[in-house]
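Under my numbering, the residues of the sequence shown are numbered 6 to 350, in order. One structure is given below, encoded as structure tokens.
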Amino acid sequence: MSLADATLDFRSDTFTKPTAAMRRAMHDAEVGDDVFGEDPTVKALEEKAAAMFGREAALFVPSGTMANLIGLALHCERGDEVIMERRTHSFAHEVGGGAALLGVVFNTLDSPDGILTVEQVEAAVRTEDVHHPKSRLVIVENTINLAGGRVVPLERIRQFRQMTLKRNMRLHMDGARIWNASIASGVSFKDYAAEVDTLSCCLSKGLGCPVGSLVIGDRARMDKARWLRKMLGGGMRQAGLLAACGIHALDNHLYRLKKDHQQARDLAEGLKDVLDARYQVQPPETNILLIHTDSKETTDATLTAWAKSNVLALPLNPTTIRLVTHLDIPPNGAQEAVTRIKEQK
């Protein structure tokens, strides 16, 4: 199919499909029963991920939502409080699982750019009082999806680390797109992981796997995480078929993410020239581009018009459109999208 005929699906980097090489890796994977700890490919993926992040162990789980739920369960008792920015995935997009299944209390704070300051978080920590829940955990998302793929600076994470240590609290990073954060910032995976108690990362977004996430931390916590995974229904049998995709992605798809970041920048620059005063294009830091509109009517009309040209985007709210670049956007796909949108005028 030529570029001119291609559907350009910018709705999410979860719409990627396994490449032919990834499908071959699935076909050739050696498998066993992972609930019994006997799947060699799952073991290889977990060991590879743990080494990449400089931590003792990792656990392969079906989804990022389960990974973050396990992160909550590792650190919190029922009634404990978890502090995060309002747009954080654990609060905004995980069906209230922490409250419904674990009995934790969410305390969500607001910031203009999605990144909380340590002063904001520290001010929200409860004093010891019989009337208060215990402030137990801080969650940081990196990159921040709903803020436009913002990268949380390493120094900010270090500040959170020092604060949580001082307060006898824990720090979990939702690193669904930690791959993008590292490629964009130049901060190593090990440097990020060294500053948090636990970290989750997703294989089925920018890396192009069909299924799977990882929870990463010290060995004792990951032993407990394995027990929690089984309790939550995440025990998988011959999961090496899926783990093989993760190994292939980490070996072949990781450093190409810079191409996605460049396509997002190209898309932003092109749309700035094409769109009128009803739109504000937010400069992307990674692979997520937000366009802010003046009304719901503008948003709806824009998405409908673009779809007629086979350019697909996602409304995040009545006045925000999200476009995400990824593995399945062809080379020069950003320029092609801009051309199609310009031709509609």
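Think of the CB as a built atom: it goes at the ideal place given N, C-alpha and C, for glycine as much as any other residue. Only a predicted model underlies this, so the values are computations on that prediction, with no experimental measurement involved.
Proximity winner among the options, relative to residue i (alpha-carbon distances)
i, options, result
"residue 217", "296, 226, 234", "234"
"residue 289", "271, 300, 302, 31", "271"
"residue 327", "305, 58, 160, 340", "305"
"residue 94", "67, 182, 162, 107", "182"
"residue 49", "283, 190, 287, 252", "252"
"residue 238", "40, 7, 13, 32", "40"
"residue 14", "76, 114, 313, 77", "313"
"residue 196", "227, 244, 157", "157"
"residue 244", "32, 16, 24, 25", "32"
"residue 221", "194, 214, 215", "194"
"residue 30", "256, 261, 350", "256"
Contacting residues, own chain, Cβ-Cβ under 7 Å from residue i (five flanking each side not counted)
i, result
"residue 92", "119, 149, 151, 152"
"residue 331", "18, 21, 211, 265, 292"
"residue 323", "301, 304"
Close-in-space but distant-in-sequence residues of the same chain around residue i (CB under 6 Å, 5 per side omitted)
i, result
"residue 61", "223, 224"
"residue 294", "269, 272, 273, 328"
"residue 346", "279"
"residue 111", "87, 96"
Residue i classed as buried or exposed, judged by whether at least 16 other C-beta atoms fall within 10 angstroms
i, result
"residue 71", "buried"
"residue 135", "exposed"
"residue 27", "buried"
"residue 9", "exposed"
"residue 147", "buried"
"residue 46", "buried"
"residue 204", "buried"
"residue 57", "buried"
"residue 230", "buried"
"residue 117", "exposed"
Residues near residue i by beta carbon distance below 8 Å, same chain, minus five either side
i, result
"residue 11", "315, 335, 338, 341"
"residue 192", "159, 186"
"residue 52", "63"
Supposed close pair residue i, residue j - CB separation, criterion 8 Å
i, j, result
"residue 175", "residue 142", "5 Å"
Whole runs of the beta strand (DSSP E) within the segment 60–137, excluding any shorter than 3 residues
62–66, 86–90, 110–114
Counting only runs that start and end within the segment 249–305, where is the beta strand (DSSP E) found for 3 or more residues in a row?
284–287, 293–298
Please go through the segment 135–220 and give each complete alpha helix (DSSP H) segment of 4 or more residues, from N-terminal end onward.
159–171, 183–190, 194–198
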